[in-house]
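S.K.: At the far end of the sequence shown sits residue 278, using the working numbering, and the numbering has no gaps.
We treat Cβ as the ideally placed atom computed from N, Cα and C, and that holds for glycine.
Input: one structure, supplied below.
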Amino acid sequence: MRLGILTDIHLSPPDSAPTAWHNPYQLETVRERLTKSIQWLETEGVDRIAVLGDLTHHGDEPSLREVVDILATSRVPVGVLPGNHDLTPDIATIHGVIEAAGHDAVEALSSQPVPLDGAWRVAGLPIERAPGVAAFVASPAPDPDSWGEGPVLVLSHFPVLSLREECVEAGLKFAGDLVNVGEVAGSLIERTAPTFVINGHLHVRHAASRGSVLQAACGAQVESLFEATLVDFGNWSRGRITWTSTPIGDVWPGVAPALSDANQAWTWDGAGWQT
Numbered sequence: 004m005r006l007g008i009l010t011d012i013h014l015s016p017p018d019s020a021p022t023a024w025h026n027p028y029q030l031e032t033v034r035e036r037l038t039k040s041i042q043w044l045e046t047e048g049v050d051r052i053a054v055l056g057d058l059t060h061h062g063d064e065p066s067l068r069e070v071v072d073i074l075a076t077s078r079v080p081v082g083v084l085p086g087n088h089d090l091t092p093d094i095a096t097i098h099g100v101i102e103a104a105g106h107d108a109v110e111a112l113s114s115q116p117v118p119l120d121g122a123w124r125v126a127g128l129p130i131e132r133a134p135g136v137a138a139f140v141a142s143p144a145p146d147p148d149s150w151g152e153g154p155v156l157v158l159s160h161f162p163v164l165s166l167r168e169e170c171v172e173a174g175l176k177f178a179g180d181l182v183n184v185g186e187v188a189g190s191l192i193e194r195t196a197p198t199f200v201i202n203g204h205l206h207v208r209h210a211a212s213r214g215s216v217l218q219a220a221c222g223a224q225v226e227s228l229f230e231a232t233l234v235d236f237g238n239w240s241r242g243r244i245t246w247t248s249t250p251i252g253d254v255w256p257g258v259a260p261a262l263s264d265a266n267q268a269w270t271w272d273g274a275g276w277q278t
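Below, the structure written as structure tokens:
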């Protein structure tokens, strides 16, 4: 089983004003980069692709439709999660756009674990605006007690293991955690079965583990690192997962938000994750 990961596309209308996070956003080339990323992942033999939110920068419906249409060019199934930028109106909009587009290849990711392959199940972590504050909450929060045994892949826009300290120590901007990140992390860490979280949001590449949770934070499409990530479950019979992050197109000079190597290999030993 090979899974392609794309995140933080931030597609915007052609007349959008320049903006930046770690580096200037390359809004004018993001459509081409997304198309090339899909083609590269297909060439690498992925079985499916997951897009981990911030498909758009402004959450506007025309941009959402355009991203979904580009994703629909994929020859493999594409699962989509909304990010905070996609929730400018509300979550119903992105689900409505996907449904209205009628592309068989593109679907919203389920919040309940469903089979990914013979061993793994996969679930998306849904988010919504937190009441009264400019922040977001996992809602509903995951209920690992209902998942039973066996490994589960959690696809999320926000990290589950907070990277606030790591970003600050590296001199990088930190885009924020979920309001209930402690609750979410605690419930997953307490699982006895392996849990693999893949996230975007921070525009940072990072890998870490805590308890039963292994987390891979992926770089953005719209700014350096301009990455697509390939995750390989092919050696899971030996408890091993590997992934590789690859820049799609030229990487502009500037801040390099890479807090881990591009090539990762982790093994589940029955009690935790080891490199």
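Do you know whose CA, among 82, 134 and 249, lies nearest residue 56's CA?
M.R.: Nearest C-alpha to residue 56: 82.
S.K.: My parser needs the beta strand (DSSP E) runs of 3 or more residues fully inside the segment 72 to 105; what are they?
M.R.: 81 to 83
S.K.: Can you grab the Cα-Cα spacing for the pair residue 30 / residue 66, in whole Å?
M.R.: Within the model, the alpha-carbon separation for residue 30 versus residue 66 is close to 12 Å.
S.K.: Assess, as a yes-or-no matter, whether the segment 262 to 274 is touched by the segment 208 to 225 under the definition of 3 or more beta carbon pairs within less than 8 Å.
M.R.: yes
S.K.: From residue 244 to residue 48, what does the alpha carbon distance come to, in whole angstroms?
M.R.: One alpha carbon belongs to residue 244, the other to residue 48, and they sit about 16 Å apart.
S.K.: Is the CB-CB distance between residue 74 and residue 37 below 9 Å?
M.R.: Annotated as proximal: residue 74 and residue 37, with beta-carbon spacing under 9 Å.
S.K.: Do residue 59 and residue 89 come within 9 Å of each other at the CB atom, strictly closer than that value?
M.R.: Taking a C-beta distance under 9 Å as the contact criterion, residue 89 and residue 59 qualify as a contact pair.
S.K.: Report whether the distance from the Cβ of residue 124 to the nearest heavy atom of the ligand ADP is below 8 Å.
M.R.: The ligand content of the structure shown is nil, which means the ligand ADP is not present either.
S.K.: Can you list, in chain order, the residues of its chain with a C-beta nearer than 6 Å to that of residue 277? Leave out the 5 residues immediately preceding and following it.
M.R.: 270
S.K.: Can you tell me the Cα-Cα spacing of residue 52 and residue 234, whole angstroms?
M.R.: 10 Å
S.K.: For the segment 223 to 230 against the segment 247 to 256, are there 3 or more C-beta pairs whose distance is under 8 Å?
M.R.: yes
S.K.: Strictly by DSSP, which residues pair up with residue 118?
M.R.: 124
S.K.: Per DSSP, residue 269 is paired with what?
M.R.: 244
S.K.: Let me confirm a value: residue 257 is counted as buried when at least 16 other C-beta atoms fall within 10 Å, else exposed. Which label applies?
M.R.: exposed
S.K.: Measure the beta-carbon distance from residue 41 to residue 76 and round it to whole angstroms, keeping in mind my assumption that it falls under 8 Å.
M.R.: 6 Å
S.K.: I'd like to check one pair, residue 64 with residue 96: are the Cβ atoms closer than 9 Å?
M.R.: yes
S.K.: If you measure between the beta carbons of residue 86 and residue 25, is that distance less than 9 Å?
M.R.: No. Outside cutoff.
S.K.: For a minimum of 3 consecutive residues, which ranges assigned as the beta strand (DSSP E) are wholly contained in the segment 116 to 190?
M.R.: 124 to 127, 130 to 132, 139 to 141 and 155 to 159
S.K.: Do residue 237 and residue 10 come within 9 Å of each other at the CB atom, strictly closer than that value?
M.R.: Between residue 10 and residue 237, the gap from beta carbon to beta carbon reaches 9 Å or more.
S.K.: So residue 232 is in the beta strand (DSSP E); what residue range does that whole segment cover?
M.R.: 230 to 235
S.K.: Alpha helix (DSSP H) containing residue 40: first to last residue?
M.R.: 33 to 46
S.K.: Quick check: what's the CA-CA separation for residue 169 versus residue 175?
M.R.: 8 Å
S.K.: Helix, strand or coil for residue 52? Go by DSSP, reduced to three states.
M.R.: strand
S.K.: By DSSP's criteria, residue 255 is part of a beta bridge. Which residues make up the other side?
M.R.: Note: residue 255 sits in no beta bridge, so no partner.
S.K.: Return the residue from the list 230, 228 and 144 that minimises the CA-CA distance to residue 163.
M.R.: The shortest Cα separation from residue 163 among 230, 228 and 144 belongs to 144.
S.K.: Have a look at the DSSP bridge pairing and note the partners of residue 212.
M.R.: 217
S.K.: Between residue 120 and residue 4, what straight-line distance do the alpha-carbon atoms span, to the nearest angstrom?
M.R.: 7 Å
S.K.: What whole-angstrom Cβ distance do residue 200 and residue 157 have, given they're in contact under 8 Å?
M.R.: Contact holds; Cβ gap of about 5 Å.
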